[in-house]
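In our numbering, the protein residues as written are 430 to 545. Every residue, glycine too, gets a C-beta built ideally from N, C-alpha and C. In this text, all values refer to a predicted model and were calculated from it rather than measured experimentally. Notes follow the structure.
Have a look at this one:
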């Protein structure tokens, strides 16, 4: 797959905890993954927030491949392995000319996110 150099790759995730009791485990996994993303090669922006009880991340990457390298390694890989036991959610990634606002990102995630 070739990517246009005038675009970025945007990843939007949302996780709902199955129980409040999973909050500590989620917070630990999320903090480690957030730090990993912020320092990952190709990462341009990393943000997180909770909206309507859903824990969201919004990351922007130079390429889809850079995002996949992050996704498949270190703390994020460990978090993905723990995911099904602590929550449910959706993800969506796409190419864009620029990073979306949170408002736009959430609308896109609601409309196009796929369950994981």
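How far does the alpha helix (DSSP H) with residue i in it reach, from first residue to last?
i           : result
residue 454 : 452–468
residue 474 : Not the alpha helix (DSSP H): residue 474 falls in the beta strand (DSSP E), residues 472–480.
Taking the alpha carbon of residue i as the reference point, which residue from the options has its own alpha carbon closest?
i           : options            : result
residue 455 : 486, 539, 515, 538 : 515
residue 507 : 519, 463, 470, 448 : 463
residue 439 : 465, 461, 453, 492 : 492
residue 465 : 503, 497, 530      : 503
Measure the C-alpha to C-alpha separation of residue i and residue j and round it to an integer number of angstroms.
i           : j           : result
residue 433 : residue 490 : Low confidence applies to residue 433: its pLDDT is 49, below 50, so where it sits in the model is not reliable enough to give any reading.
residue 480 : residue 441 : 13 Å
residue 435 : residue 536 : 23 Å
residue 545 : residue 469 : 23 Å
residue 486 : residue 513 : 17 Å
residue 523 : residue 448 : 30 Å
residue 494 : residue 445 : 27 Å
residue 437 : residue 450 : 36 Å
Hey, does residue i have any beta-carbon neighbour from chain D nearer than 8 Å?
i           : result
residue 479 : No chain D appears in this structure, which consists of one protein chain only.
Check residue i in the structure and name its three-state DSSP category.
i           : result
residue 514 : helix
residue 528 : coil
residue 503 : helix
Over what stretch of residues does the beta strand (DSSP E) that includes residue i continue unbroken?
i           : result
residue 488 : 483–490
residue 437 : 437–446
Where does residue i land, buried or exposed, given buried means 16+ other C-beta within 10 angstroms?
i           : result
residue 475 : buried
residue 458 : buried
residue 452 : exposed
residue 443 : buried
residue 467 : exposed
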